[in-house]
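So for the sequence shown, this note's numbering puts the first residue at 4; every next one is plus one. Accompanying notes for the structure given below.
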Amino acid sequence: MFIQTEATPNPATLKFLPGRVVLPEGTFEARDSEAAARSPLASRLFDVPGVSGVYLGHDFISVTKAEDDNLWPQVKPAVLGAIMEHFQSGAPPLAEGHVAGSDDAEEFFDPADLETVETIKDLLETRVRPAVASDGGDITFRGYKEGVVYLEMKGACSGCPSSTATLRNGVQNLFRHFLPEIREVQSI
4 MFIQTEATPN
14 PATLKFLPGR
24 VVLPEGTFEA
34 RDSEAAARSP
44 LASRLFDVPG
54 VSGVYLGHDF
64 ISVTKAEDDN
74 LWPQVKPAVL
84 GAIMEHFQSG
94 APPLAEGHVA
104 GSDDAEEFFD
114 PADLETVETI
124 KDLLETRVRP
134 AVASDGGDIT
144 FRGYKEGVVY
154 LEMKGACSGC
164 PSSTATLRNG
174 VQNLFRHFLP
184 EIREVQSI
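Here is the structure:
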C-alpha cells in the first residue's frame, strides 16, 4: 500500500491520501481521544504520540500534531504505519453504530432569508468546499444573521494561520460578488 502525503496551509497538519475511499459519505473529526473512540482509524492515530487531531474525508485523512516539540519527521512515519495497519486490518473507519456526518450543529437564520441562505450553501458546495478539501479540511454553513455569514472550519483548516485570510479574502469576496447584502463572514 502506498500512501501519499501532502502539506496543507496549516503547518501543524498533514494530509494523507491512502489511494482508496476513507469515508464513502460525510466526514468525521476528532480533536481528542474521547471523540476518536467513535472511529477505529482515529483511535489508532491518536495512539501515535504527538497526534492531537484527526479529520476523515472521502479519500483523505488529515492529521494534526500537537504544538509541542514533536516535529513531523518524528510523527509522520508512525502515522503512516497506523494508517497502513488500519487498512490492512479490514476494520471499518467508524465504529459500528456511528455514522459520518458533515455537521451536527443546528443552523440559524431568519426564514425570510431562505433564498440568500440557499445561495450561500450552493456557493459553499460548488466553489468553496472543493478547494478547502484539497487542503485537507472542510467548511460548513452554520448561520446567517443581519448580513453576517457564520461558517465552521474543520480538519486542516481548523486553527490554520491562513484560514482567516481564506475567509476574508476568498469566501467573503465571493459571497459579496453574488450577494451584495453580505457584509461579513465569520468563523465559529
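Ideal Cβ placement from N, Cα and C applies to all residues, glycine included.
Contact with chain D by residue i, beta-carbon distance below 8 Å
i, result
"Asp35", "The structure shown contains no chain D; it holds only a single protein chain."
Residue i vs residue j beta-carbon contact at 8 Å
i, j, result
"Val120", "Asp62", "no"
"Leu197", "Pro96", "Examination of residue 197 is not possible in this model, given that the chain is present from 4 through 191 alone."
"Phe181", "Thr122", "yes"
"Ser36", "Ala98", "no"
Assumed close pair residue i, residue j - CB separation to whole angstroms, cut-off 8 Å
i, j, result
"Thr11", "Ser65", "7 Å"
"Lys157", "Asp138", "Not a contact, Cβ separation roughly 11 Å."
Exposed unless 16 or more other CB atoms sit within 10 angstroms - verdict on residue i
i, result
"Ile185", "buried"
"Gly93", "exposed"
"Gln189", "exposed"
"Val174", "buried"
"Glu88", "exposed"
"Gly56", "buried"
"Ala69", "exposed"
"Gly60", "buried"
"Glu172", "According to the sequence provided, residue 172 is Asn. The question's Glu does not apply to it. Exposed, since its Cβ has fewer than 16 Cβ neighbours within 10 Å."
**Contact the region 111-128 vs the region 141-149: 3+ CB pairs below 8 Å** = yes
**Item:** At least three beta-carbon pairs within less than 8 Å, the region 76-87 to the region 40-60
**Value:** yes
**Prompt:** Of all the alpha helix (DSSP H) runs that stay within the bounds of the region 163-188, which reach a length of 4 or more residues?
**Reply:** At a cut-off of 4 residues, the continuous stretches assigned as alpha helix (DSSP H) that sit fully inside the region 163-188 are 175-181.
**Request:** Enumerate, from N- to C-terminal direction, the unbroken beta strand (DSSP E) stretches of 3 or more residues contained entirely within the region 18-58.
**Result:** 31-33
**Runs of alpha helix (DSSP H) lying entirely within the region 124-162, each at least 4 residues, in chain order** = 132-137
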